[in-house]
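Trainee: Residue numbers (the working numbering): 2 to 162.
Cβ atoms here follow ideal geometry from the backbone N, Cα and C, with glycine treated the same way.
Rendered as structure tokens:
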């Protein structure tokens with residue numbers, strides 16, 4: 002689409018109308034547009050791809066997870082545009098994996114490009130997440146840094162050609 006003919010204020014109005022329509026169509030569910038779009042793309046991709054579990058959105062405000070498979074497996078979905086995920090709360094610093102009940106079975110990382118198209122979708126199980134988690138002292142929670150080692154320990158679900 003060519004938006005060059007629109008003024009700044011017209012673009013803002015178009016953006017607002019687009020956000021309203023995406024909310025109405027349940028493409029986004031909050032003010033976190035990038036995160037919501039990532040969740041929508043992942044759930045849509047898993048549900049439509051043969052051999053992958055069918056996912057559905059977790060109820061709003063469900064702690065630690067964003068989707069649930071039809072078999073009851075819990076998924077945390079993190080959408081990134083850089084190589085660092087958002088925070089994973091609920092795990093004490095330096096906790097031992099054997100002392101914890103898993104918060105989810107899988108974490109799925111989707112990386113979007115500047116046009117909100119997926120670059121890749123990567124799935125990690127709880128053990129791989131725990132191995133690669135990184136303490137972020139400023140926010141007091143863990144996150145993941147997408148490195149070659151993390152990718153090797155995960156499963157590529159989708160990669161843009």
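Do residue 1 and residue 126 have their C-beta atoms within less than 8 Å of each other?
Mentor: Residue 1 is absent from the model: the chain starts at 2 and stops at 162.
Trainee: At a cut of 8 Å, does the stretch 14 to 26 reach the stretch 114 to 129 through at least three beta carbon pairs?
Mentor: No, they do not touch.
Trainee: Quick one: give me the first and last residue of the beta strand (DSSP E) that residue 89 is part of.
Mentor: Translated into the one-based positions of the chain shown, residue 89 becomes position 88. Residue 89 -> no beta strand (DSSP E), and no H or E assigned at all.
Trainee: If I follow the unbroken alpha helix (DSSP H) through residue 111, where does it start and stop?
Mentor: For this step, residue 111 is matched to residue 110 along the chain shown. No alpha helix (DSSP H) contains residue 111, which is instead part of the beta strand (DSSP E) from 107 to 113.
Trainee: I'd like to know if the stretch 56 to 66 and the stretch 133 to 148 are in contact, where contact means that at least 3 CB-CB pairs between them fall below 8 Å.
Mentor: Touching, no, given that fewer than three Cβ pairs across the two stretches are closer than 8 Å.
Trainee: Could you tell me if residue 51 is buried or exposed, where buried requires 16 or more neighbouring beta carbons within 10 angstroms of its beta carbon?
Mentor: Within the chain shown, residue 51 is the residue found at index 50, counting from 1. Exposed, because fewer than 16 other Cβ atoms sit within 10 Å of the Cβ of residue 51.
Trainee: Report all residues from its chain with a CB closer than 6 Å to the CB of residue 36; omit the five preceding and five following residues, and keep chain order.
Mentor: One-based indexing of the chain shown puts residue 36 at position 35. Around residue 36: 80.
Trainee: Can you give, in chain order, each stretch of the alpha helix (DSSP H) that sits fully within the stretch 33 to 78 and has at least 4 residues?
Mentor: For the stretch 33 to 78, whole alpha helix (DSSP H) runs of length 4 or above, ordered along the chain, are 34 to 49.
Trainee: In the DSSP assignment, find the unbroken beta strand (DSSP E) run with residue 143 in it and report its ends.
Mentor: Along the chain shown, one-based indexing puts residue 143 at 142. Run containing residue 143: 142 to 145, per the beta strand (DSSP E) assignment.
Trainee: Using DSSP with H/G/I as helix, E/B as strand and the rest coil, what is residue 4?
Mentor: The residue given as residue 4 occupies position 3 in the chain shown. Note: residue 4 maps to coil in three-state DSSP.
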